[in-house]
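First to last, the protein sequences are chains H and U. All the letters of the first sequence, read from the start, carry residue numbers 1045 to 1293 under the working numbering. All the letters of the second sequence, read from the start, carry residue numbers 1045 to 1293 under the working numbering. Just so you know, even glycine gets a beta-carbon here, dropped at the ideal spot from N, CA and C. As the structure is a computational prediction, the values presented were derived from the model and not from experiment. Taking it in order: structure first as structure tokens, then the write-up.
Protein chains: 2
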Amino acid sequence: MLTDRFLKDRRGVSLEAGERARLEAAISTTSTVEARKIIARAGEWLDQSTLLVEGIMSRYLDDRDGLRQLVAIHLPGDFVDLHAYPLKHLDHDVGTMTPATIAIVPHVELDAITEEMPELTRKLWFATLLDAAIHRAWLFRLGRLDAIGRVAHFFCETNVRLQSAGLSDGRQFTLGLTQADVAEICGLTTVHVNRVVRHLREEGLCTFRNGKVEILDAAKLARRGQFDPAYLYIDDPASPPLPDQRPRR
Amino acid sequence: MLTDRFLKDRRGVSLEAGERARLEAAISTTSTVEARKIIARAGEWLDQSTLLVEGIMSRYLDDRDGLRQLVAIHLPGDFVDLHAYPLKHLDHDVGTMTPATIAIVPHVELDAITEEMPELTRKLWFATLLDAAIHRAWLFRLGRLDAIGRVAHFFCETNVRLQSAGLSDGRQFTLGLTQADVAEICGLTTVHVNRVVRHLREEGLCTFRNGKVEILDAAKLARRGQFDPAYLYIDDPASPPLPDQRPRR
DNA sequence: CGATTCATTGATCTCGATCAACAGACGTGG
DNA sequence: CCACGTCTGTTGATCGAGATCAATGAATCG
């Protein structure tokens, strides 16, 4: 199902079968989008939200000179702009990084859910607050880590998130991003990201080639990036989930 | 009333009289707290949330070496840790910066509200997403602005927020913060904040003395910090006229 | 093929960190 | 009352991480 990965294995708030069915029924359309397309622009009025099914998307702010700061990276299973439901218009742009499959949920459906299903409403609310928790980790990253730590932290976070979505085995994963993208995430220049990546490789922590990350020493990498996955609210971050485990009936 | 400033003048989501009364009735206790006290610690289970009535509070993350990154500043009227309601435990500490008056809202009351008042629920949800929007502006600040721009942006933001709470006239306001606090907000050292403050004073943009900010040239300050108040979702930004503003009818 | 994107490397510069010292305000206790 | 911490703000000297500027290589694609 399209919503299978949404709030998968999140502490205490995974969806009941009925809730998942209701959310699935709220989807009006699905579509595929090519890489590097803008889905929503800052300021636009929105009456629908986007659930990411496949691919990678981002949210970002551009400065006066065109320099870009990414404020979020979204992976399959993320409800990319669910916050547009209460906010109604966004303070940032939303776009695809890679080719993506998205499902559209009209806000009138969410109106119905909030009227009828308070428990599911709290879970949707939770999902938006999870994004806020990730924002805070990113603030820590930008405010208190050096360049190497920032990239290490980002790779650790993405590894855990992809693992929880069943898209990383914990040792390597594909991220359709370039070094320039990582620079816009970590508040660095692409030149310096290149040097950081080389450093991480030479130190035996991880490699990053052709958009693929390979974790060589997870413990050291997490230490270098001061990464603690608690803020991701994943059920059991210690042990990797079983490959493609289906939610029990 | 204790909740008078909550969601005051926010676009489309200010509380109706009945909603405000319901929220007011949800308050179990109020109390005063001295400056620099911890209200909640990362990881703790919470069954209540804190509405800030008077004073300034913050949320922050500490790194391995004790360096601190503030991830939010809260002003009177803010529902400081409303996100603890869906999340149940926090990923950061919460504390007072100045002496503060707080009102406590037990989560059982919020349970009742979410069962009975979907519209008010959406407004509470909105309030937590407003904090997330501020997180994103802070990410931009840390990722893409230099030291002077960061401090300028922070002062602009705080001015607008305090103004909307009726606590700034737009030209000057009292912020019980030290230069060291500003450093922990802006990802800088206190020594450098001191130099940035001197620079801003010498350039005639603003002053910062004894925790008091005086805006000398609001337009220039906003330009220096690339500040655009749209992300604060305030009804009628009686904010300084920006060169390229008014995106909406 | 050229054109474009992405990765890589070198040289240089600069912003902000770091280290160190000191001054004023304030409260405390002797 | 003064002596003595502590907290806050201030300034100077030096250092270094990361930006900037510039060039090149490799891969992909029309």
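Check: Leaving out the 5 sequence neighbours to the left and right, which residues in its chain are closer than 6 angstroms to residue 1064/H when beta-carbon positions are compared?; Outcome: 1047
Check: Is it a yes or a no for the region 1081-1101 of chain U touching the region 1160-1171 of chain H, going by three-plus beta-carbon pairs under 8 angstroms?; Outcome: no
Check: Among 1254/H, 1110/H, 1075/H, which has the Cα closest to the Cα of residue 1149/H?; Outcome: 1075/H
Check: So, for residue 1088/H: in the same chain, excluding its five sequence neighbours on each side, which residues have a beta-carbon less than 8 angstroms away from its beta-carbon?; Outcome: 1133, 1134
Check: Indicate whether the contact test is met: 3 or more Cβ pairs, each with one atom in the region 1183-1191 of chain H and one in the region 1138-1148 of chain U, closer than 8 angstroms.; Outcome: no
Check: To the nearest whole angstrom, what separates the beta carbons of residue 1249/H and residue 1265/H, a pair I think is in contact under 8 angstroms?; Outcome: 5 angstroms
Check: Going straight from the alpha carbon of residue 1223/H to that of residue 1238/H, what length do you get?; Outcome: 7 angstroms
Check: Would you kindly work out how many angstroms separate the C-alpha atoms of residue 1045/H and residue 1096/H, rounded to a whole number?; Outcome: 12 angstroms
Check: Tell me, to the nearest whole angstrom, how far the beta carbon of residue 1101/H is from that of residue 1225/H; I am working on the premise that it is less than 8 angstroms.; Outcome: With a Cβ gap of about 12 angstroms, residue 1101/H and residue 1225/H do not count as contacting.
Check: For the region 1154-1184 of chain H, which residues have a beta carbon sitting closer than 7 angstroms to at least one beta carbon of chain U?; Outcome: 1158, 1159, 1162, 1165, 1166, 1169, 1170, 1172, 1173, 1175, 1176, 1177, 1179, 1180, 1182, 1183, 1184
Check: Looking at the C-beta of residue 1053/H, does it have a partner C-beta in chain U at a distance below 9 angstroms?; Outcome: no
Check: Using C-beta distances below 6 angstroms, list every residue in its chain close to residue 1228/U, excluding the 5 sequence neighbours before and after it, in chain order.; Outcome: 1112, 1114
Check: Give a yes or no on whether 9 angstroms exceeds the smallest Cβ distance from residue 1249/U to chain H.; Outcome: no
Check: Under 8 angstroms: do the region 1191-1204 of chain U and the region 1260-1275 of chain U share three or more Cβ pairs, one atom per stretch?; Outcome: yes
Check: Hey, is residue 1116/H's beta-carbon within less than 9 angstroms of any beta-carbon in chain U?; Outcome: yes
Check: Between residue 1118/H and the rest of its own chain, which residues show a CB-CB distance below 8 angstroms, the 5 nearest in sequence each way excluded?; Outcome: 1096, 1100, 1101, 1102, 1103, 1124
Check: If we count the other Cβ atoms within 10 Å of its Cβ and call it buried at 16 or more, is residue 1167/H buried or exposed?; Outcome: buried
Check: Along chain U, in chain order, which residues have C-beta atoms closer than 7 angstroms to that of residue 1113/H?; Outcome: 1183, 1184, 1187, 1188
Check: Mind listing, in chain order, the continuous alpha helix (DSSP H) runs of no fewer than 4 residues lying wholly within the region 1045-1090 of chain U?; Outcome: 1061-1070
Check: Does any residue of chain U bring its CB to less than 9 angstroms from the CB of residue 1231/H?; Outcome: yes
Check: In chain U, what lies closer than 7 angstroms to residue 1136/H by C-beta?; Outcome: 1180
Check: Here's the rule I'm using: 16 or more other beta-carbon atoms within 10 Å means buried, otherwise exposed. How should residue 1165/U be labelled?; Outcome: buried
Check: Reducing DSSP to helix, strand and coil, say where residue 1229/U ends up.; Outcome: helix
Check: Against chain H, does residue 1191/U count as a neighbour if the rule is that its beta carbon must be under 9 angstroms from one of theirs?; Outcome: no
Check: If you run the structure through DSSP and keep just helix, strand and coil, what is residue 1318/H?; Outcome: A question about residue 1318/H goes unanswered here, because the residues of chain H that appear run from 1045 up to 1293.
Check: Contact check, residue 1216/H vs residue 1259/H under 8 angstroms by CB: the rounded distance?; Outcome: 7 angstroms
Check: Residue 1127/U touches chain H at which residues, Cβ-Cβ below 7 angstroms?; Outcome: 1173, 1176
Check: Are the C-beta atoms of residue 1119/U and some chain H residue less than 9 angstroms apart?; Outcome: no
Check: For the beta strand (DSSP E) that residue 1217/H lies in, which residues bound it at each end?; Outcome: 1216-1218
Check: What residues of chain U sit near residue 1270/H, judged by a beta carbon separation below 8 angstroms?; Outcome: 1107, 1108
Check: Comparing C-alpha positions only, which one of 1098/U, 1090/U, 1171/U, 1244/U sits nearest to residue 1056/U?; Outcome: 1171/U
Check: Decide if residue 1213/U is buried, meaning its Cβ has at least 16 other Cβ atoms within 10 Å, or exposed.; Outcome: exposed
Check: Which same chain residues end up closer than 8 angstroms to residue 1255/U when comparing Cβ atoms and leaving out the 5 residues on each side of it in sequence?; Outcome: 1218, 1219, 1220, 1221, 1222
Check: Quick one: grab the DSSP three-state call for residue 1115/U.; Outcome: strand
Check: Would residue 1255/H pass as an interface residue toward chain U - the criterion being a Cβ-Cβ separation below 9 angstroms?; Outcome: no
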